[in-house]
Each structure stands twice: as C-alpha cells, then as structure tokens.
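J.:
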Amino acid sequence: MLEKLKREYGQYFEIEYKTGGMLPNWDVFFKENGATPAKVAQHWASASKDIGIEIDGNVWLEDPPASSYPPSIALKAAQLQGFQKSVDFYRRERQMLFHEKINIAEKANLLKAALESGLDVKKFEEDFEGEAKILFEEDLELARKLHVDLFPTLFFNNLKGETIRIEGYYNYQKYVDALLKLL
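Under the numbering used here, the sequence shown is numbered contiguously, ending at residue 334.
1) Buried or exposed for ALA259, please, with buried defined as at least 16 other CB atoms from any protein chain shown within 10 angstroms of its CB.
2) Can you give the Cα-Cα distance for PRO303 and GLY319, rounded to whole angstroms?
3) State the DSSP-derived secondary structure class of ASN260, mapped to helix, strand or coil.
4) Under a Cβ-count criterion, where at least 16 other Cβ atoms within 10 Å of its own Cβ denotes burial, should THR170 be classed as buried or exposed?
5) Residue range of the alpha helix (DSSP H) that PHE279 falls in?
6) At what residue ranges does the stretch 189–267 contain a whole run of the alpha helix (DSSP H), taking only runs of 4 or more?
7) Quickly, what does DSSP pair ASN308 with across the bridge? List them, please.
8) Could you check whether the stretch 238–252 touches the stretch 287–305, counting it as contact only if at least three pairs of C-beta atoms, one from each stretch, sit closer than 8 Å?
9) Give the straight-line distance between the Cα atoms of ALA186 and LEU333, rounded to the nearest whole angstrom.
10) Buried or exposed for ARG243, please, with buried defined as at least 16 other CB atoms from any protein chain shown within 10 angstroms of its CB.
11) Classify ASP178 as helix, strand or coil using the three-state DSSP reduction.
12) Hey, quick one: how far does the alpha helix (DSSP H) through LYS169 stretch, first residue to last?
13) Hey, how far is the Cα of VAL272 from the Cα of GLY233?
14) Whose C-beta lies closer than 6 Å to the C-beta of ALA294 among residues of the same chain, with five residues either side of it excluded?
15) Spatial neighbours of ALA189 within its chain, please: CB distance less than 6 Å, with the 5 preceding and 5 following residues excluded, ordered by chain position.
16) Considering Cα atoms alone, identify which of THR314, PHE306, GLU267 and ALA198 is closest to LEU153.
17) Could you check the C-alpha separation between GLU292 and PRO215 for me, to the nearest Å?
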C-alpha cells in the first residue's frame, strides 16, 4: 500500500521505515497481550479480509517466529545499504512470512532474503551483528517515546509541524486522505 502511495504521490512525501519489535519473545508477548501463536494466526486471517490483501497466517501455527526482533534488526541492516534495497528486502521478508510461511526469525532465512533482494550479504551480516542492533534500539526508544503500541502506526507530518497518526491497517484511501489533508 505504501509503495502505491509513493508511486502516485511520491513528489509530496518521503517514507522512513522504523521498527517496533512487537514480539521480543512469546513469554513476554503472552504476558503483555495474552497472545499465542494460534491467536496471532487468527489475527492475520482477519486482517487479510479487512484490508483486502491476501495473507497466510499459518506460519504462526506451523513454524512461528520466536521473536520479531531478528527481522526488525535485519531491516535496519538492509537500510544501511540504501533505501530502495531496504524496501526490496522488506518486501521479501513479508513475502517469505505471509505467502511462503517461512520463519523469518531464523538467521539463515534472513540471509537468504538479503541475497534474493540484492544486498551485499557479507555487509548485511556484519551490520546485523553490529550497527543494525544499535539502530533497532533507537527505533524501540522512539516507539516508547511516541507511545506506539500498535503496528503499523504511520505518522504523516508536514513542514508546518502538523501530524496525522494512523494506527492499524486501513484501506488505501485513508492514507491518501491523510496525505492530502496535510498538503
């Protein structure tokens, strides 16, 4: 959806991806949200219908990622190689998780996604173990500061300092309306 928005209205805005690390591990996630892999699978089945995008949430039943931290750190590592490469990597992560039912918390799968999305895999792996972790921690701190507890949360800001915050998944027009309201 953001890619379409960028294609159609890209001259008016820039996208900056931040990560939130919603699932440190299942013990913490269950305590904080009462969520289990089965409930997460149900959530994605429902979200798929709500937003009109095909999502297969069965990975949460078959091979649930132990944490969302590794794929979030991996996205930060991809960002260190350039915006478009990171977008390609992020798209590949989502395809693997939601269409191919591949556990993207596994490092081998993240390295495969890096290779398939055209990243320098050696640099990716070095950054994954170093600078990307620091950038991820900065994103977590920003999420705490902005009280982000639902993903996705999008902030539309203009040069006048006005902000529209959208939490959760919506149809495309909601994002267009937010953007146009701030022009």
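Note that the Cβ used here is the ideal one computed from N, Cα and C, for glycine as well.
T.: Straight from the coordinates:
1) The residue is exposed, with fewer than 16 neighbouring Cβ atoms inside 10 Å.
2) One C-alpha to the other measures close to 5 Å.
3) DSSP places ASN260 within a helical segment (H, G or I) once states are collapsed to three.
4) Buried: at least 16 other Cβ atoms inside 10 Å.
5) Here the alpha helix (DSSP H) through PHE279 covers 272–280.
6) Counting only runs of 4 or more, we get 210–213, 220–230, 234–249 and 258–267.
7) Paired residues: THR314.
8) Counting Cβ pairs under 8 Å, fewer than three are found: no touch.
9) For ALA186 and LEU333, the distance between alpha carbons rounds to 36 Å.
10) ARG243 is buried by the Cβ-count criterion.
11) ASP178 falls in the helix class under three-state DSSP.
12) That residue, LYS169, is in no alpha helix (DSSP H); it is neither H nor E in DSSP.
13) So the two alpha carbons sit approximately 14 Å from each other.
14) So the qualifying residues of the chain are GLY171.
15) Within its own chain, no residue has a Cβ closer than 6 Å to the Cβ of ALA189 once the five positions on either side in sequence are excluded.
16) Shortest Cα-Cα distance from LEU153 to any of THR314, PHE306, GLU267 and ALA198 involves PHE306.
17) Between the alpha carbons of GLU292 and PRO215 lies a gap of roughly 26 Å.
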